[in-house]
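One structure is given here, and the rest of the page talks about it.
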Amino acid sequence: MRKKEYVFTPGPVPISRKILKIGSKQLPYFRTDEFSKVVFECKKYLLELVNAPKHSEVVFMTSSGTGAMEASIINLLSNKDKAIVINGGSFGERFVEICNFHNIFNHNIKIEKDEDINFEALKKLEANSFLVNAHETTIGRLYNLKKIGDFCKENNLLNIVDAISAFVSDKIDMQEQNIDVLITSSNKGLALPPALGIVVLNPNALKKLEKSSSFYFDFSSYLKDIKRGQTPFTPAISIILQLQKRLKELKKIGIKKENKRVEKLAKYFRENIRDLPFEFYVKDMPNAMTTLTPKDGKFASKIIEDFKIKYNITLTPSGGELKDKVIRVSHMGDMNKRYINVLLKALKDYYKKG
Ligand SMILES: *Cc1c(COP(=O)(O)O)cnc(C)c1O
1 MRKKEYVFTP
11 GPVPISRKIL
21 KIGSKQLPYF
31 RTDEFSKVVF
41 ECKKYLLELV
51 NAPKHSEVVF
61 MTSSGTGAME
71 ASIINLLSNK
81 DKAIVINGGS
91 FGERFVEICN
101 FHNIFNHNIK
111 IEKDEDINFE
121 ALKKLEANSF
131 LVNAHETTIG
141 RLYNLKKIGD
151 FCKENNLLNI
161 VDAISAFVSD
171 KIDMQEQNID
181 VLITSSNKGL
191 ALPPALGIVV
201 LNPNALKKLE
211 KSSSFYFDFS
221 SYLKDIKRGQ
231 TPFTPAISII
241 LQLQKRLKEL
251 KKIGIKKENK
261 RVEKLAKYFR
271 ENIRDLPFEF
281 YVKDMPNAMT
291 TLTPKDGKFA
301 SKIIEDFKIK
311 YNITLTPSGG
321 ELKDKVIRVS
331 HMGDMNKRYI
341 NVLLKALKDY
351 YKKG
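Throughout the sequence shown, residue numbering follows the numbering used here, covering 1 to 354 in sequence.
See below:
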């Protein structure tokens, strides 16, 4: 038998057996009342879990997270709008690229890993919308969503939050954090296979919907169809069935408890690597992930390669120039202390032998 692989990548993440089992079944035909019920249930639970205000709506589309990012931008912003984009890594940069591609004016606010967002300076900019990745997954930084939400409210900015790698592991509360548009996808914190893009729109966002420049990603057709529990095009059927199960589980556990559970795992990992030659790469770490920088001069990419070969453990570097500096260790998905212990044991073994 193949040795079990341990996956600490921030997407895909370990998926539970129960969820995998659903994915192994023959797919049902979906233009039925029965499938509509599944979609309605997904919508209901999702709105509850993110604490969306009354009359919020959900779009389920067949795409990875980037599709949901682009769809949100082209349905909510036009070339009359001006956006502020917090760019603290590759996913922030992606927002900038999408805006530029669609000729949407944007203030590209590049910030260093531990630099605070300078709200005083942003106040002076002419803008009506704000784009941010709740957790910038390339470096493992969590932004202060409450502060951002308050700032957007005070300054009348449509707050568009990519919570793809924050939702489920870290706190997302659309009302408390004043989020107008919440973007997520199936294969990060939700711990499902990839291909389902999800956007939650509060009434503010629904009022601002623009005529979409895309046929496939036109929110108005999704919003029309979801009234009867359907999507305009073939949905990712098996993933929607898995989502139903996953949301039901989360509802039962309680989202706050689930946040806490992942927080504890993250803390457990961080406390147990104290004696190893690493330092944390950023100061504002999410529950979802830990980023480490080797202190002993070893290249992160070399360590990652060694772990794959020696222990069948998959870690991942950061992109570009950080490739040799940063190791990303995800805590998302079907993980527990025992799973993390496998990595801790391997780390201790690796450094014992020098
Ligand atoms: C993974 C991720 C995305 C989407 O990437 P895809 O390759 O399209 O799945 C977007 N934003 C964040 C913060 C992510 O972690």
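Even glycine gets a Cβ: it sits at the ideal position worked out from N, Cα and C.
Taking DSSP as the reference, what is the three-state secondary structure of residue i?
i, result
"M174", "coil"
"F307", "helix"
"G197", "strand"
"D162", "strand"
"N204", "helix"
"T293", "strand"
"E57", "strand"
"R17", "helix"
"A68", "helix"
"L276", "coil"
"A191", "coil"
"Y6", "strand"
"N79", "coil"
"F167", "strand"
"I86", "strand"
Can residue i be considered in contact with ligand 1, in the sense that its beta carbon sits closer than 8 angstroms to one or more heavy atoms?
i, result
"T314", "no"
"T32", "no"
"E136", "yes"
"N330", "The amino acid at residue 330 is misidentified as Asn; the sequence shows Ser. It does not: the Cβ of S330 is nowhere closer than 8 angstroms to a heavy atom of ligand 1."
"G11", "yes"
"P194", "yes"
"G356", "The requested residue 356 is not part of the displayed model; the chain covers only 1 to 354."
"T62", "no"
"K188", "yes"
"T66", "yes"
"D170", "no"
"M69", "yes"
"F91", "yes"
"R94", "yes"
"I164", "yes"
"R185", "Residue identity check: residue 185 is Ser in the sequence provided, not Arg. Within the cutoff, so yes."
"N133", "yes"
Which residue from the options puts its Cα closest to that of residue i?
i, options, result
"K4", "K308, S214, K337, S318", "K308"
"E176", "G149, E305, F167", "G149"
"I19", "D334, K146, E112, I84", "D334"
"C42", "V282, V85, Q244, D81", "Q244"
"Q26", "K310, K267, I239", "I239"
"M285", "M174, I139, D162", "I139"
"I86", "L77, N118, F60, S72", "N118"
"I237", "R31, P10, P12, I15", "R31"
"K194", "P12, N75, I104", "A quick correction: the sequence has Pro, not Lys, at residue 194. Nearest of P12, N75, I104 to P194, Cα basis: P12."
"I73", "I98, E93, N51", "I98"
"F40", "E321, K248, A68", "K248"
"K256", "E115, V168, L131", "V168"
"A121", "N108, M289, N341, I164", "N108"
So that I know if they touch, is there some Cβ in chain D lying closer than 9 angstroms to that of residue i?
i, result
"S301", "In the displayed structure, chain D is absent; only one protein chain is listed."
task: Just list the alpha helix (DSSP H) runs in the stretch 209–269, keeping only unbroken ones of 4 residues or longer that don't cross its boundaries, in chain order.
output: 219–226, 237–253
query: Considering only residues of the stretch 91–136, which uninterrupted alpha helix (DSSP H) runs meet the minimum length of 4 residues and lie entirely inside it, listed in chain order?
result: 119–123
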